[in-house]
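Residue numbers (my numbering): 58 to 582.
The C-beta atom is built at its ideal place from N, Cα and C for all residues, glycine as well.
These numbers were taken from a predicted model, which means no experiment stands behind them.
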């Protein structure tokens, strides 16, 4: 029970000195903040098990001696790096498919690295970190990236990412993009899926029709999808704000007022087989073949396979008219496998507001508030926002925000942020001394979706500090508040690396536009 846990923690704290108490609380919160991130752990594990092979191997001494000789021979260093890199990939792939350190380490100790994939497989009921897309600023950039490659365009729905696991025992689990168990949030989805998957199905499903018919019985599966609020009478999708009014946990089907529809777009596991190494075209075909399309309950992402500017522009306009955020563009055959836990250039997102400047929004953490004046007296008139650097486990400031906020937003924000107010900035807030300090600091808890005109180098803000220009970070110009992202944790905010990538993309587009301008002037001349 909760009281027993509290008593146990109290007894531990009584026995701690100041430093021990600090790290005890960090350990309990799962945030040690010692700079040791997930990637560092996986690489260290791979190197340790390659250089010092577990005792189960009869070749242990030979391998250790070989590496010792390599270290003393410059010509062998490249060979050693290749062996270690191969080990890195084996361990990472195993962990991404089976994200449990205990299971992965035990499998290495018992079976070695070479057989790791046999024992650390995708398993329904164990959530995976999903594949993510890179933002793009326009259709011409898409065509340049996917030149001579077949690709597809899909609607980018304004909902909540859902990883749906169908287990062999008939249970259904639903996980968020952060691997949180959302099963209790969607009892209506669970009941619907359990019902349709027990129907007799005989003929192949056509995704364009409504007949409930599939090729083969589904015994287990993992579906990648977007859950969207849906108006059954009008047969239209509703904004994310409507979906966010649903109860977050322990929902009861009979009490649900906001109905939802699953828009499935990928299938990564089917009937005891992982599909991640198959190209997207084959995974999509299997999704259509094995799952029925049911209007307003289970539908497939609207798609178009085309590669000319006019067709893509028309489809983008249609997606916006239908209430979507824009398009997802994905390779069909070339390098089209499912990349777990990775933001891939083989998936691009083209949002409706790309022409307004930056091609994507940012998800930023609110770490400070500036007290308002005039109409905003008694509220916060502005906020200090930060991106996240997972490598150093710190929040880096990127802008001050004061626009895009409605009066009722300000009131709600003041009330919610007042509950997480702290006396001083956290040690892992990277804030420049020359920056105007906020009146109040906050726990890194709330994530906001922000739109901006463009990026600029800044001597004041610390986002990606020193990466592009010594002594300068990156800041946002004309940031604007869009919405609260209560489906994201602070650690899932836009990273410093992503900010850096977005800045580079902006510079490339500016250079391209300047080149086109010069060429046009020369032609006119």
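_Nearest to residue 238 (by Cα), restricted to the options 219, 344, 396_ = As a position in the chain shown, residue 238 is number 181, starting the count at 1. For residue 238, the nearest C-alpha among the options comes from 219.
_Distance check for residue 174 and residue 329, CA to CA, integer angstroms please._
What you label residue 329 is simply residue 272 of the chain shown in a count that begins at 1. What you label residue 174 is simply residue 117 of the chain shown in a count that begins at 1. Spanning the two alpha carbons is a distance of roughly 15 Å.
*Report the residue ranges of all beta strand (DSSP E) runs contained in full by the segment 180 to 265; include only those spanning at least 3 residues, in chain order.*
Considered as a whole, the segment 180 to 265 harbours 189 to 192, 208 to 213, 217 to 223, 229 to 232 as its complete beta strand (DSSP E) runs of no fewer than 3 residues, in chain order.
*asked:* Strictly by DSSP, which residues pair up with residue 537?
replied: Here residue 537 is taken as the residue at index 480 of the chain shown, counted from 1. Answer is 508, bridged to residue 537.
*Short Cβ contact (8 Å threshold) for residue 529 with residue 539*: Against the chain shown, residue 529 aligns to sequence position 472. Against the chain shown, residue 539 aligns to sequence position 482. No; because the gap between Cβ atoms is not below 8 Å, this pair is not in contact.
*Note down the Cα distance separating residue 382 from residue 191, rounded to an integer number of angstroms.*
Sequence index remark: in the chain shown, residue 382 carries index 325 (1-based). Sequence index remark: in the chain shown, residue 191 carries index 134 (1-based). Whole-angstrom Cα-Cα distance: 15 Å.
*CA-to-CA distance, residue 363 to residue 432, given in whole angstroms*: The sequence position of residue 432 within the chain shown is 375, counting from 1. The sequence position of residue 363 within the chain shown is 306, counting from 1. Distance between the alpha carbons of residue 432 and residue 363: 51 Å.
*Excluding the five sequence neighbours on either side, which residues of its own chain have a C-beta within less than 7 Å of the C-beta of residue 550, listed in chain order?*
The residue you call residue 550 lines up with position 493 of the chain shown. Closer than 7 Å at the Cβ level, and outside the excluded window around residue 550, lie 420, 421, 422, 444, 445, 504.
*Using only alpha-carbon positions, find the residue among 367, 378, 397 that is nearest to residue 184.*
Looking up residue 184 in the chain shown gives position 127. Considering only alpha carbons, the answer is 397.
*asked:* My output table needs one value for residue 37: the three-state DSSP class, helix, strand or coil.
replied: As shown, the chain starts at 58 and ends at 582. That puts residue 37 outside it, with no answer to give.
*Looking at residue 321 and residue 358, is the spacing between their C-beta atoms short of 8 Å?*
Taking the first residue of the chain shown as 1, we reach residue 358 at position 301. Taking the first residue of the chain shown as 1, we reach residue 321 at position 264. In this structure, residue 321 lies closer than 8 Å to residue 358 by Cβ.
*Leaving out five residues on either side along the sequence, give the residues of the same chain with a beta carbon under 8 Å from the beta carbon of residue 399.*
Looking up residue 399 in the chain shown gives position 342. Within the same chain, and ignoring the five residues on either side of residue 399 in sequence, the residues whose Cβ sits closer than 8 Å to its Cβ are 188, 189.
*What three-state label does DSSP hand residue 446 in the structure shown?*
Residue mapping note: residue 446 aligns to position 389 of the chain shown, counting from 1. In the displayed model, residue 446 falls within a strand according to three-state DSSP.
*Nearest-angstrom beta carbon gap, residue 424 and residue 501 [assumed within contact, 8 Å]*: Counting from one through the chain shown, the residue named residue 501 turns up at place 444. Counting from one through the chain shown, the residue named residue 424 turns up at place 367. Indeed they touch by this definition, with Cβ atoms about 6 Å apart.
*May I have the straight-line CA-CA distance separating residue 25 from residue 105, to the nearest angstrom?*
No answer is possible for residue 25: the residues shown for the chain start at 58 and end at 582.
*asked:* So, at 6 Å on beta carbons, what are the nonlocal neighbours of residue 206 in its own chain, with the 5 sequence-adjacent residues on each side left out?
replied: Position 149 of the chain shown, counted from the start, is the residue given in the question as residue 206. Excluding sequence neighbours, residue 206 sits near 388, 391.
*Taking the alpha-carbon positions, what's the residue 290 to residue 255 distance?*
Walking along the chain shown from the start, residue 290 turns up at place 233. Walking along the chain shown from the start, residue 255 turns up at place 198. So the two alpha carbons sit approximately 27 Å from each other.
_Whole-angstrom distance between residue 100 and residue 76, CA atom to CA atom_ = Taking the chain shown and counting its residues from 1, one reaches residue 76 at position 19. Taking the chain shown and counting its residues from 1, one reaches residue 100 at position 43. Roughly 28 Å between the two C-alpha positions.
*If you draw a straight line from the alpha carbon of residue 151 to that of residue 179, how long is it in whole angstroms?*
In the chain shown, counting from the first residue as 1, residue 151 sits at position 94. In the chain shown, counting from the first residue as 1, residue 179 sits at position 122. Each residue's Cα considered, the two are about 9 Å apart.
*Pick helix, strand or coil for residue 402, following the three-state DSSP scheme.*
To locate residue 402, count along the chain shown from 1; it is residue 345. Looking at residue 402 - three-state DSSP - the assignment turns out to be strand.
*asked:* To the nearest angstrom, how far is the alpha carbon of residue 263 from that of residue 339?
replied: As a position in the chain shown, residue 263 is number 206, starting the count at 1. As a position in the chain shown, residue 339 is number 282, starting the count at 1. Low per-residue confidence applies at residue 263: pLDDT is 49, beneath 50, and the placement is therefore not dependable, though the value from the model is reported in the following sentence. Each residue's Cα considered, the two are about 15 Å apart.
*Throw me the rounded Cβ distance for the residue 428 and residue 437 pair, which I believe falls under 8 Å.*
The count along the chain shown starts at 1 and reaches residue 428 at position 371. The count along the chain shown starts at 1 and reaches residue 437 at position 380. Indeed, because the Cβ distance is near 6 Å, the residues count as touching under 8 Å.
*Give the secondary structure of residue 176 by DSSP, where H, G and I count as helix, E and B as strand, and everything else as coil.*
Numbered from 1 along the chain shown, position 119 holds the residue referred to as residue 176. The answer is helix: DSSP assigns residue 176 an H, G or I state.
*Taking contact to mean at least 3 C-beta pairs separated by less than 8 Å, is the segment 196 to 216 in contact with the segment 153 to 169?*
In short, these stretches do not touch, since the Cβ pair count stays below three.
_Nonlocal neighbours in the same chain, by C-beta distance under 8 Å from residue 224, ignoring five residues either side_ = Taking the chain shown and counting its residues from 1, one reaches residue 224 at position 167. Answer for residue 224: 181, 182, 230, 277, listed in chain order.
*Taking the alpha-carbon positions, what's the residue 393 to residue 403 distance?*
Here residue 393 refers to the residue found at position 336 of the chain shown. Here residue 403 refers to the residue found at position 346 of the chain shown. Answer to the nearest angstrom: the Cα atoms are 7 Å apart.
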